[in-house]
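S.K.: Residue numbers (UniProt numbering): 1 to 108.
Glycine included, each C-beta is placed from N, C-alpha and C at the ideal position.
Shown next as structure tokens:
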């Protein structure tokens, strides 16, 4: 069964909500607001591809953070499969943070 555009949009909103529960342990802001999530693609069959990065390639949570992201997205209702791609192109920088994240960190 193929999902409608409305269903895909709903799943996308639920994925963003789930991603906002994942935090980089060294920064008190969620990974979505930090700008670590580059893209979320959802097929009409419920397959999800997440493209993300880390604050640095040598990040201490380089293994555990992507695993936590995959787990949280997998838990979203109607998600059938999750493919997570970790990339460092473009490399993350502070300009990728949302206004909310900058305010939270006192960087406004």
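Measure the Cβ-Cβ separation of residue 53 and residue 87 and say whether it is below 7 Å.
M.R.: Yes, the Cβ-Cβ distance between residue 53 and residue 87 is below 7 Å.
S.K.: Take residue 104 and list the residues in its own chain whose beta-carbon comes closer than 8 Å to its own, dropping the five residues that flank it on each side.
M.R.: Excluding positions up to five away in sequence, the list reads 28, 29, 33.
S.K.: Can you tell me where the beta strand (DSSP E) holding residue 7 begins and where it ends?
M.R.: Careful: residue 7 lies outside any beta strand (DSSP E), inside the alpha helix (DSSP H) at 5-19.
S.K.: Grab the span of the beta strand (DSSP E) containing residue 38 for me, first residue to last.
M.R.: Residues 37-42.
S.K.: Within the continuous beta strand (DSSP E) that includes residue 79, where are the two ends?
M.R.: Unbroken run through residue 79: none, as it is neither H nor E.
S.K.: Classify residue 54 as helix, strand or coil using the three-state DSSP reduction.
M.R.: Looking at residue 54 - three-state DSSP - the assignment turns out to be coil, as it is neither helix nor strand.
S.K.: In the DSSP assignment, the alpha helix (DSSP H) including residue 88 goes from what residue to what residue?
M.R.: Counting along the chain, residue 88 falls outside any alpha helix (DSSP H), and DSSP gives it neither H nor E.
S.K.: Nearest by alpha-carbon distance to residue 62: which of 106, 6, 25 is it?
M.R.: Comparing Cα positions, the closest option is 25.
S.K.: Locate the alpha helix (DSSP H) running through residue 65, then write down its first and last residues.
M.R.: Taken as a continuous stretch (DSSP letters only), the alpha helix (DSSP H) holding residue 65 covers 64-74.
S.K.: Give the range of the alpha helix (DSSP H) segment to which residue 31 is assigned.
M.R.: Unbroken alpha helix (DSSP H) run through residue 31: 31-34.
S.K.: In terms of residue numbering, what span does the alpha helix (DSSP H) encompassing residue 100 cover?
M.R.: Residues 99-104.
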